[in-house]
DNA sequence: ACGAATTTTGACTTTTTAGTCAAGAGTTGA
DNA sequence: TCAACTCTTGACTAAAAAGTCAAAATTCGT
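Protein chains in written order, with the UniProt record's numbering: chain A, 1 to 212; chain B, 1 to 212.
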């Protein structure tokens, strides 16, 4: 029956089939997010997504009722995963605000550059997303920013950081991290790790903390 | 006869008519660049460009033989203008490397944020440009980067700057400036000038120079 | 003011891509 | 093995946007 029931929630099926379906959806979302990240929303066509998955376009519409819905799913899933990692890192991090901020920046850059090469750029560089998704991306960014903001303000209070304006620092942090995946695209292994470390050091300069 | 002779070079016409034609082309290019900057290459349709100019699409094809050619013209014209302003500033700038770098950053941000609100973002955020134009954008960026690089290296030699890696600093500078127009979009007048100043101060931190 | 050169128009074709769907292939549990 | 359920296909439609062009409108030089 196709699109109508693409995202029905309470559909009675066996647990096993349901699991399989969920896995397939994840596969699709992952591939779609990669492409959205590489090219931006507009420039991705579903035929390409399908091709990467070795299926045809029609099959995508069995799981998602529109391109927009697929976009939303990509943003949702990957965004949650990302936020989780940052929050978990902060839970186990200790040391001075500078040490914790360095760890947070490092984790953030690592995620963007190494772990999700193109996929998560989706969130960082605003492309031509439909309004609904832009809203979601903005929410996510606010959540991430809050993690950084709290830490930076703690560091200022402790007299460790020299910051002219917290918001401006956040913008620069965000902008730099968002373009990092593009710079580091060709690098691999050792060189990439070095680039991530150097970027982390450089970004710490924004709050007045020099390396060493 | 339309498209065929859209960009013929040696067409025999009177000087006056030739001038008029050139002016019209500039008008079109300016409007097109604005739209490309706002939405990215893909998302701009020529009907919209034409509408902003109060003409119809067919008319654009009298001057440009394709959308791609219009894109190239936009990049070329605006890029030259921008580079000119930066080079002129450096000619008349004096003082320490820090003072000159601050002036250069300030000028660059001012151009991007205030003088060409959306237009020149074309160069800064990589969108889905066809390969040929991507090449041009890269060239332009290299030229701009060189201006910054020379100054930063001078400042390092003079012992004024603390920099872990020049390339990484350039990337962060570039990334931050490229997203600045988006942050400052709503601001106007006094608030915008303040934002530009604060961004300049914050970016100077990247080379280890604190305000005051 | 008039003929020639230039510019604009709007209806046209073509291409691309989102979205639909009936029919068939594959899976599952009994 | 069979019937019901699930998934995939490929040919289809629809809409949007690039690109074309003959004819009409405008502007120019004399």
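Each residue gets a CB set at the ideal place from its N, CA and C atoms; glycine is no exception.
Could you tell me which of B:99, B:25, B:37 sits nearest to residue 112 of chain B, measuring between CA atoms?
Looking at the Cα atoms, B:37 is the closest of the given residues.
From the DSSP output, in three-state form, read off residue 194 of chain B for me.
Helix at residue 194 of chain B.
For residue 43 of chain B, decide whether its Cβ has a neighbour in chain A, counting only Cβ atoms nearer than 8 angstroms.
It does; some Cβ of chain A falls within 8 angstroms.
List the residues of chain A that residue 26 of chain B touches, going by C-beta distances under 7 angstroms, in chain order.
None at all; the shortest Cβ gap to chain A is about 27 angstroms.
If the criterion is Cβ atoms closer than 8 angstroms, does the pair residue 28 of chain B and residue 75 of chain B meet it?
No, these two residues do not count as a Cβ contact at 8 angstroms.
Could you check if residue 92 of chain B is buried or exposed, using at least 16 other CB atoms within 10 Å of its CB as the buried criterion?
So residue 92 of chain B counts as exposed.
Kindly list, in the order they appear in chain B, the residues whose Cβ is closer than 7 angstroms to that of residue 96 of chain A.
Simply none; closest approach about 19 angstroms.
For residue 66 of chain A, count neighbouring C-beta atoms within 10 Å of its own C-beta (all shown protein chains included) and say buried if the count is 16 or more, exposed if not.
With fewer than 16 Cβ atoms within 10 Å of its Cβ, residue 66 of chain A is classed as exposed.
Between the alpha carbons of residue 134 of chain A and residue 170 of chain A, how many angstroms are there, rounded?
Answer to the nearest angstrom: the Cα atoms are 19 angstroms apart.
Okay, do the region 94-109 of chain B and the region 197-207 of chain B touch, 3+ Cβ pairs below 8 angstroms being the bar?
A contact exists between the region 94-109 of chain B and the region 197-207 of chain B.
Could you tell me which chain A residues have their CB closer than 8 angstroms to the CB of residue 48 of chain B, listed as they occur along the chain?
Here the premise fails: no neighbours, minimum Cβ distance about 13 angstroms.
I want to verify the contact list: residues of chain B whose CB lies under 8 angstroms from the CB of residue 183 of chain A, in sequence order.
Those within 8 angstroms of residue 183 of chain A in chain B are 171.
Would you tell me roughly how many angstroms separate the C-alpha atoms of residue 55 of chain A and residue 46 of chain A, rounded to the nearest one?
Whole-angstrom Cα-Cα distance: 11 angstroms.
Any beta carbon from chain B within less than 8 angstroms of residue 199 of chain A's own beta carbon?
Closer than 8 angstroms to some Cβ of chain B, the Cβ of residue 199 of chain A qualifies, so yes.
At a Cβ cut of 7 angstroms, what residues of the region 138-170 of chain A count as close to chain B, listed as they run along the chain?
Within the region 138-170 of chain A, the residues whose Cβ lies closer than 7 angstroms to some Cβ of chain B are 162, 164, 165, 168, 169, listed in chain order.
What runs of the alpha helix (DSSP H), each 4 residues or longer, lie entirely inside the region 36-113 of chain A?
Complete alpha helix (DSSP H) runs here, min 4: 46-52, 57-63, 67-92, 97-110.
Measuring CA to CA, which of B:61, B:184, B:98 is closest to residue 25 of chain B?
Checking every option, the nearest Cα to that of residue 25 of chain B belongs to B:61.
Can residue 83 of chain A and residue 144 of chain A be called in contact, C-beta distance under 8 angstroms?
Yes, Cβ-Cβ distance for residue 83 of chain A and residue 144 of chain A is below 8 angstroms.
Is the beta carbon of residue 207 of chain A closer than 8 angstroms to that of residue 159 of chain A?
Their beta carbons are not under 8 angstroms apart, which means residue 159 of chain A does not touch residue 207 of chain A by this criterion.
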